[in-house]
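Note sheet for the following structure.
Numbering (our numbering), first residue to last: 43 to 154.
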């Protein structure tokens, strides 16, 4: 009976490892037009996602000037702001995404 418990635990562990590498990240980047800071944030987050989440992310860029209702709905108080919707927990990162370590920690891809 004890061996069955160990086998079940091993199977669950292996499934968790496989699942952790396949989660889809749903990201929203809120920007203010094509300002230098917004452009930099777009370039930086695309680079970070391609290097760390290739094929496992959806990135939506939202211009708060063109779609202010989204900014209001998400309570955006500064831009650029990146929101990680999935996987949970929801996270917000404010800035031009140039601090790669901070972004990776915010996306739960690296520990502090």
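Just so you know, even glycine gets a beta-carbon here, dropped at the ideal spot from N, CA and C.
Boundaries of the beta strand (DSSP E) in which residue i is found, first to last residue
i	result
residue 69	67-73
residue 136	133-136
Separation of residue j from residue i, as counted between CA atoms
i	j	result
residue 124	residue 139	8 Å
residue 90	residue 79	16 Å
residue 67	residue 114	23 Å
residue 101	residue 127	10 Å
residue 77	residue 99	24 Å
Proximity to residue i [Cα-Cα], best of the options
i	options	result
residue 73	66, 67 and 81	81
Exposed unless 16 or more other CB atoms sit within 10 angstroms - verdict on residue i
i	result
residue 86	buried
residue 149	buried
residue 83	buried
Residue i CB to nearest heavy atom of the ligand ZN below 7 Å
i	result
residue 84	Here there are no bound small molecules, and the ligand ZN is not part of this structure.
Extent of the continuous alpha helix (DSSP H) run through residue i
i	result
residue 81	78-94
Cross-strand partners of residue i (DSSP beta bridge)
i	result
residue 127	Answer is none; residue 127 lacks a bridge partner.
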